[in-house]
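The sequence shown begins at 296 in this note's numbering and counts up one residue at a time.
Beta carbons: idealized from backbone N, C-alpha and C, even for Gly.
Reading through the structure tokens given below for one structure.
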Amino acid sequence: MKTNTVKLGVNIDHIATLRQARRDVYPDPVAAAQVCRQAGAGLIVCHLRQDRRHIQDADLFKLCALKGETHLEMATVPEIVALALRARPDSVCIVPESAREVTTQGGLNLKTQSQAVGHAIARLKRAGIEVSLFIDPEAASVRMAKSLGADVVELCTAAYAEAEGKSRCSAELERLELAGYLADEMGLGLHAGHGLDYHNVRPVARIPRLGVLNIGFSIIARAVFVGLKTAVLEMKLLLS
Ligand code: PXP
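Now the structure itself:
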């Protein structure tokens, strides 16, 4: 049974990936953000990576100056935390980041990174920025997120998206539901994302009390064929 309306966060990193392929000025992720908003995106999401492979510092500042919510994904490295504090996105999601990964690989390891994560949360929250932690759907990680002072957890849906066969897929969905239930019980906001597409998104969108789904690659890939506005509208329809 559906009990909530899920906001769609559209990650526009790969508009910038295309631009950076030619080191040109287009396609412009800021213009893309405006199209996404017109199509009903609840928030615009970008990841400022240490290697600047897609989003650049100037993009972040321009995106944060636009009307509407901007959500930044970032690692806890001091340089990026300092930029976030200057650019002032509405919210950030702290993610693990490593140099050779193609995309974010699973959730944070809060056992080994608790000090850096806790320190970044405190600084960002003091600046009035809502902070979420990207975690795997495990009870221990939800509890750690709460104890470190996060406002929200974003559950990593990669294992669900990659699961083969109905029973593995249902098992991964159940893990997401259970972690979501615990997060809600603990007073944490609930987001989810990673690897979601037009075929696998619906069951995740029906997780009770889910507030936001952050989706990037599949929407931008579909936009190549149908245009960005239609690609966002189609995804929004699946969340409703
Ligand atoms: N959520 C987080 C924390 C991410 O790092 C990413 C990838 O940037 C996404 C969601 C979106 O993942 P995808 O591009 O696979 O939809």
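Quick check: what's the CA-CA separation for G363 versus N306? 14 Å
Express the C-alpha separation of A453 and G304 in angstroms, rounding to a whole number. 16 Å
Collapsed DSSP secondary structure at I375 in the structure displayed: helix
Is M369 helix, strand or coil when you go by DSSP? strand
So K302 and G506 are in contact, right, with Cβ under 8 Å, and what is the actual spacing, rounded? 6 Å
With a Cβ-Cβ cutoff of 7 Å, do A487 and V499 count as a contact? Yes; because the gap between Cβ atoms is below 7 Å, this pair is in contact.
Starting from E459, trace the beta strand (DSSP E) in both directions and tell me its first and last residue. Note, E459: premise wrong, no beta strand (DSSP E); not H, not E.
Nearest by alpha-carbon distance to A236: which of Y493, I310, G337, R318 is it? Because the chain in this structure spans residues 296 to 535, residue 236 falls outside the shown range and cannot be described.
At 4 residues or longer, what runs of the alpha helix (DSSP H) sit wholly inside the segment 412-466? 434-443, 453-457
Within a Cβ cutoff of 6 Å, which residues of the same chain sit near C388, ignoring the five residues on either side of it in sequence? E368, S427, F429, E449
Under the criterion of a Cβ to heavy atom distance below 6 Å, does E368 qualify as lining the ligand PXP? yes
Any idea if V519 is buried or exposed, counting beta-carbon neighbours within 10 angstroms, 16 or more meaning buried? exposed
Between D308 and C341, how many whole angstroms is the CB-CB distance? I'm expecting something under 8 Å. 6 Å
CA-CA distance, Y250 and I510? The chain is shown only over 296 to 535; residue 250 falls outside these bounds and no answer can be derived.
Return the residue from the list F512, I514, V496, L523 that minimises the CA-CA distance to S535. Cα-wise, what sits closest to S535 is V496.
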